[in-house]
Structures are given as structure tokens and as C-alpha cells.
Amino acid sequence: MGPTILLDKSALECLSIEEISVLSKYYYLLVTPTLIFEIMGDISKPPQKGILSKDKVSQLSQKILSTDGFMNINYQSLCLANLLGYDVPMTGKPVVEPGVSLKTSTGQKFIFFDEPLVRKVLQDWSNGNFTEAEENTSKRWREALKKLNLEPFQGEVSKSFEKVPKMKTLSELKAFLDEKISNPDPGIQWENIANVFHAFIESWAFTMNLQDQALKDINTLIYNRWHKDQLPTLAVFASYANYLLKVSYLFSFGLHSRLLTPKRSNAFDIEYLYYLPFCMVFSSGDNFHVEAAPLLLRRDQQFIHRDELKKDLKGLKED
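One gets the numbering used here by counting positions in the sequence shown from 1 and adding 119 to each.
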């Protein structure tokens, strides 16, 4: 397969359907649950400049459907699987739901991938069909976003990290995070695992109505595996979980050092960064992404500003 590109909502909105068509000649689109949920949030958004929000949702859905894209598994499921011992490749390729192995009457083997449910949802949205449940979820999401205030969180973070010096540059922050996460001390590494479990599994389990005992059992399984493997670093034990921790620390220590702003939308925009390991190119026009993404990319990955991408695609379209 060809290279994959991750677009946030700002990049998807910026590109015309013709430019998306040109893009799909060179890249496969990595579709994330974050993008789908953010688009759904617009269903209940008030009209802007005479354009109905539902019409905008339909247009964005059509853009996605016009590409050869892959729906990535949500980061919480991947984090849990990784902590339990399953490999999560971070090589620029999407991680999708497994297919079904089949065999023809002649003995030829192949794997069948069923159409993702989200594609059916996007088809409905592209035709202007929205369920009552989707509209209600959209309203709740927008209400929650309005109430979100990261400034108190920034204050709590600074209080918790009062003994940690404030970094002056993003490069200093990256160096600090690399050193902090790679410390081989078993006590620190188990703390890292516990922090990942709390930040990415416990909060998710709450929304999934997972019982406390089930969480305790899962935590025990993780600890036993870590102990059996002779207390390795999180990077060795569960590399994707280690990556998620780095993103989480980047946000927290970035706020502490006042290198990142407590803009409320950043709490949601950070989720796009959780999927960076599964693409080769990331494009966004969001200032938070512009600042944070380059600190997390591998050497073989690239960040392209939304406006630059549009300019390049426009040139290719005219050629």
C-alpha cells in the first residue's frame, strides 16, 4: 500500500473535493475516530454565514468517502492491547479491525475485510440523514466543550510540578521528556505504566461501564506480565503505550512551562497526536499541532501545514 496521510478537521475543511481527489492519487487517508466525532459535533452547531452545519457535515463526509481511506482502531483499545502484550506496529501504517480468513473451492486463501460501520454512517451523513441519537450526542459534546476550562488544570499541573524547572523552548521540553520516560529505574517505570493506565484505560473504562473489579484484574495481568519480563522500561514493555505517555507528558509539562496554551480545544486536538505513529504525513492548520507534532514525529515522517498542502495540491490539479 502507499503512504498514509492524517488530516485533522481543519485540513479536511480547507481542501476542496477536487483537491481531495488529487490527494487520493498519492496517499491513503488515515481516518480516525477523533475526526469522525469532531465532524459529528458540527451536526448541532448553529449556522454560520448562511451555511447550515448539517450541510457542512454532509460535505465533509463526502470528502472522506471520495478517498481510499482506512479507519484506525481507537487509541484506547490499542493502548490496552499493547499493555497486555499485543504488538502495535508504529511504522506509518493504519491499524484496522482484523479481517476474516477465507478459502476458495480451489484452495486459494484470502482475507475478507467487511465494510466498517463508520462508512455507513458517513454515507448517511453525506445524504443529509442524521439520527436523533447523533444529534443528541452532538449537543452534549458541544455543551461539554463550552464548559471545559483548562486554566484550572494548568494551575494544578504547575502546582504538582512545582519542583520541576520550567523549560524555555520546545526542544528543551522534548529533551526533558525523553530523559524522564527512558529512566530505567523500575519504580519510575511502574509509575509510568500506572500513569498510562490511569490516563488512557481507567477513563475509557468509565465510559464503557467497565466494573472496578474488571479494572483491577486487568491491572494485575499487566503487572504480572511486566514482572515476568523482568521489569523492563515501558518503551520495551509496550511501545505504543509509552508513546501515549510521552504525548500526555508533553501536554502537561508544556502547560507547566507555558510553552503550550490552555486553549479549551487543545484538550480534544491532542487526540490526533495519538494516531501519529500510524501515518507518514500529518497535516493541520491548528497552532497546537504546528507546535507539538514535530516533537513527536519519527525521522521518516513529515508535518505539512494545511495551507502548504492546499497550495501543493492546487498546483498538481492545474498540471
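For each residue, glycine too, the CB sits at the ideal point set by N, CA and C.
Pairwise C-alpha distance: L125 and I230 = Note that I230 has pLDDT 47, beneath the 50 cutoff, so the model's placement of it is unreliable and the number below is only indicative. Distance between the alpha carbons of I230 and L125 is about 25 Å.
inquiry  = So if DSSP puts T123 in a beta bridge, which residue, or which two residues, is it bridged to?
reply    = According to DSSP, which records beta bridges pairwise, T123 is partnered with Y147.
query = Looking at the structure shown, is M209 part of a helix, part of a strand, or coil, going by DSSP?
reply = Here M209 sits in coil by DSSP.
query = Where does S403 sit, in a helix, a strand or coil, going by DSSP?
reply = If DSSP states are grouped into helix, strand and coil, S403 belongs with the strands.
Rounded distance between the beta-carbons of Y145 and T123, thought under 8 Å = At roughly 11 Å, the Cβ-Cβ gap does not stay under 8 Å, so T123 and Y145 are not in contact.
message = Is it buried or exposed, G160, if we count other Cβ atoms within 10 angstroms and call 16 or more buried?
response = By the neighbour-count definition (other C-beta atoms within 10 Å, threshold 16), G160 is a buried residue.
M286 (DSSP reduced to helix, strand or coil) = Three-state result, M286: coil.
Residue span of the alpha helix (DSSP H) that contains I155, given as start and end = First-last of the alpha helix (DSSP H) with I155: P152 to M159.
request  = Would you kindly report the start and end of the unbroken beta strand (DSSP E) that includes I136?
outcome  = Careful: I136 lies outside any beta strand (DSSP E), inside the alpha helix (DSSP H) at I136 to L142.
task = Just tell me which of R259, E321, W345 and G274 has its CA closest to the CA of L334.
result = Nearest in C-alpha terms to L334, of all of R259, E321, W345 and G274, is E321.
task = Pair every Cβ in the segment 363–371 with every Cβ in the segment 248–256, then say whether three or more of these pairs are closer than 8 Å.
result = No: fewer than three Cβ pairs fall under 8 Å.
task = Measure the Cβ-Cβ separation of F422 and N191 and say whether it is below 7 Å.
result = The Cβ atoms of F422 and N191 do not sit closer than 7 Å to each other.
inquiry  = With a threshold of 8 Å, are at least 3 pairs of Cβ atoms found where one atom belongs to the segment 305–320 and the other to the segment 396–411?
reply    = Too few Cβ pairs lie closer than 8 Å, so no.
inquiry  = Please classify R435 as buried or exposed, where buried requires at least 16 other C-beta atoms within 10 Å of its C-beta.
reply    = Rather than Arg, the amino acid found at residue 435 in this sequence is Leu. With fewer than 16 other Cβ atoms within 10 Å, it is exposed.
message = Taking the alpha carbon of L289 as the reference point, which residue from L142, P152, E410 and A130 has its own alpha carbon closest?
response = Of the listed residues, the one whose Cα sits closest to L289 is E410.
inquiry  = Rounded to the nearest angstrom, what separates L131 and L432 at their Cα positions?
reply    = Spanning the alpha carbons of L131 and L432 requires a straight line of approximately 13 Å.
query = From S220 to I155, what distance separates their C-alpha atoms?
reply = Reliability fails at S220, whose pLDDT of 49 lies under 50, so the model's placement of it is uncertain and no value is given.
inquiry  = Quick check on DSSP: helix, strand or coil for F280?
reply    = Look at F280 here: in three-state DSSP terms it is coil, with no helix or strand label.
query = Apart from the five residues on each side of it in sequence, which residues of its chain come closer than 6 Å, Cβ to Cβ, to R418?
reply = Non-local beta-carbon contacts of R418 in its own chain, meaning distances under 6 Å to residues more than five positions away in sequence, are absent.
inquiry  = Rounded to whole angstroms, what is the Cα-Cα separation between K258 and L350?
reply    = Near 45 Å, if we compare the C-alpha coordinates of L350 and K258.
ask   = Within 10 angstroms of its Cβ, does T210 collect 16 or more other Cβ (buried), or is it exposed?
value = Of the other Cβ atoms in all chains shown, fewer than 16 fall within 10 Å of the Cβ of T210; this residue is therefore exposed.
ask   = Do L465 and A412 have their CB atoms nearer than 7 Å?
value = Summary: the structure shown does not reach residue 465, with the chain confined to residues 120 through 438, and so no result is reported for it.
key: Presumed contact (8 Å Cβ cut-off) between V237 and S371, rounded CB distance   = Cβ-Cβ separation between V237 and S371: approximately 31 Å, too far for a contact (criterion under 8 Å).
key: P303 vs T352 beta-carbon contact at 7 Å   = At the C-beta level, P303 and T352 come within 7 Å of one another.
ask   = What residue does the alpha helix (DSSP H) around Q181 start on, and which one ends it?
value = Following the DSSP letters along the chain, one finds Q181 inside the alpha helix (DSSP H) bounded by residues S172 to L184.
inquiry  = Measuring only the C-alpha atoms, how far is K239 from L184?
reply    = Between the alpha carbons of K239 and L184 lies a gap of roughly 10 Å.
query = Rounded to a whole number of angstroms, what is the C-alpha to C-alpha distance between D243 and T151?
reply = Those two C-alpha atoms are separated by around 18 Å.
task = Could you say which of V141, P165 and N201 lies nearest to L340 if we only look at CA atoms?
result = Residue N201 is the option with its Cα nearest to L340.
query = For R425, is the classification buried or exposed, using 16 other Cβ atoms within 10 angstroms of its Cβ as the cut-off for buried?
reply = Buried: at least 16 other Cβ atoms inside 10 Å.
ask   = Helix, strand or coil: how does DSSP classify I423 here?
value = Assignment of I423 by DSSP, reduced to helix, strand and coil, places it in the strand class.
ask   = How would you write the range of the alpha helix (DSSP H) that F387 sits in, first residue to last?
value = Element bounds for F387: N385 to L392.
ask   = What residue does the beta strand (DSSP E) around G188 start on, and which one ends it?
value = Per DSSP, G188 belongs to the beta strand (DSSP E) from G188 to M190.
query = Among residues of its own chain, excluding the 5 on either side of E270, which ones have a beta-carbon nearer than 6 Å to its beta-carbon?
reply = Closer than 6 Å at the Cβ level, and outside the excluded window around E270, lie P381.
ask   = Would you say C198 and A318 are within 7 Å of each other, going by their C-beta atoms?
value = No, they are not a contact pair.
query = Does the Cβ of F232 have 16 or more other Cβ atoms within 10 Å, making it buried, or fewer, making it exposed?
reply = Interpretation of F232 is limited by its pLDDT of 42, a score under 50 that renders its predicted location unreliable; the figure taken from the coordinates is listed afterwards. Within a 10 Å sphere around the beta-carbon of F232 sit fewer than 16 other beta-carbons, which makes this residue exposed.
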